[in-house]
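Peer 1: Handing you a structure now.
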Amino acid sequence: MSFMDDLNTAERAILVSLPYRAGLMVSQSDTSGGEESDAQELQTLSNILSAYAGEVFVSETVQHIISETIKQKDRWPNWQKEIGDVEGDCRTAIAILSDLVEDKELNAFKQHLMEIAEAVALAFREIGDMSPVKRLMLRLSYEIKKARAGRYNMHYKSFDEFLNVSPAERKALEGLAKALDIRYTA
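Printed below as a string of structure tokens:
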């Protein structure tokens, strides 16, 4: 028997749709890349969910939830149309899971949601050609964020990866991390 059997329909819907909707929220936060970026980000989202669903070394909780997300792939277009309050649903999901699973399983779920969302952000570089001044300002912003991550002994992305994440996606990732109550430097 899985912890999923203890959930009511609404709780199950939140948990199962959240991995997809968290990635979608980040994708939809920036429209500057147009249809090409949307398609690439949605493909990345599908790929990472499929990989996590089949991953042997992922937490049991994450595997159960994401396997259900994949099984409900036919509902993804509906979730795209009505993304809902992803950040609020993250807080609800934490409350639901904290009563049902161990802390390490809950933390793995939160971390995997962030990994999914960040993978979507990294999938397409919306920032095109930029002036030397803009590049310098971005480099300075990068170094500040990298130093902040270093203070917490957190790995930080490369400058090229940083450039793939637009300011709007960074803001969405930071909001998601706050809702999940985890430390994250976008």
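Take the sequence shown: its position 61, counted from the start at 1, is 471 in the working numbering, and no numbers get skipped.
Using N, Cα and C, we set each Cβ at its ideal position, and we do this for glycine too.
For I526 and A463, what's the separation of their Cα atoms in angstroms?
Peer 2: Straight across, the Cα-Cα distance linking I526 with A463 is about 12 Å.
Peer 1: Check whether the segment 435-455 touches the segment 465-476, taking contact to mean three or more Cβ pairs, one atom from each stretch, closer than 8 Å.
Peer 2: no
Peer 1: Three-state secondary structure (DSSP) at A529?
Peer 2: helix
Peer 1: To test your reading of the DSSP string, which unbroken alpha helix (DSSP H) runs of 4 or more residues are found completely within the segment 487-568?
Peer 2: Listed in chain order, they are 496-508, 513-532 and 542-561.
Peer 1: Count the C-beta pairs between the segment 514-526 and the segment 421-439 that are closer than 8 Å, then say yes if the count reaches three, no if not.
Peer 2: yes
Peer 1: What does a CB cutoff of less than 7 Å around E579 pick up in its chain, not counting 5 residues either side in sequence?
Peer 2: V436, S439, D440 and A531
Peer 1: Give me the Cα-Cα distance between S456 and K567, rounded to the nearest whole angstrom.
Peer 2: 22 Å
Peer 1: Can you tell me whether Y594 is helix, strand or coil according to DSSP?
Peer 2: coil
Peer 1: Quick one: residues in its chain with C-beta nearer than 8 Å to the C-beta of D416, no 5 flanking neighbours on either side, listed in chain order?
Peer 2: Cβ contact annotation for D416 (same chain, cutoff 8 Å, sequence separation greater than five): L510, in chain order.
Peer 1: For a quick check, are the C-beta atoms of E515 and T471 less than 8 Å apart?
Peer 2: yes
Peer 1: Can the beta-carbon of L428 be found closer than 8 Å to that of A503?
Peer 2: It is a contact, given that the beta carbons lie within the stated cut-off.
Peer 1: From K491 to K483, what distance separates their C-alpha atoms?
Peer 2: Straight-line Cα distance between these residues: approximately 14 Å.
Peer 1: With DSSP collapsed to three states, give me the class of L586.
Peer 2: helix
Peer 1: According to DSSP, simplified to helix, strand and coil, what is L425?
Peer 2: Assignment of L425 by DSSP, reduced to helix, strand and coil, places it in the helix class.
Peer 1: What three-state label does DSSP hand S412 in the structure shown?
Peer 2: The three-state secondary structure of S412, taken from DSSP, is coil.
Peer 1: For a test of the three-state rule: what should DSSP assign to L597, helix, strand or coil?
Peer 2: Residue 597 lies beyond the residue range present for the chain, which begins at 411 and ends at 596; the question has no answer from this structure.
Peer 1: If L425 and I475 are in contact, beta carbons under 8 Å, what's the gap, nearest whole angstrom?
Peer 2: 5 Å
Peer 1: Does the distance between the C-beta of E497 and the nearest non-hydrogen atom of the ligand HEM fall short of 7 Å?
Peer 2: Here there are no bound small molecules, and the ligand HEM is not part of this structure.
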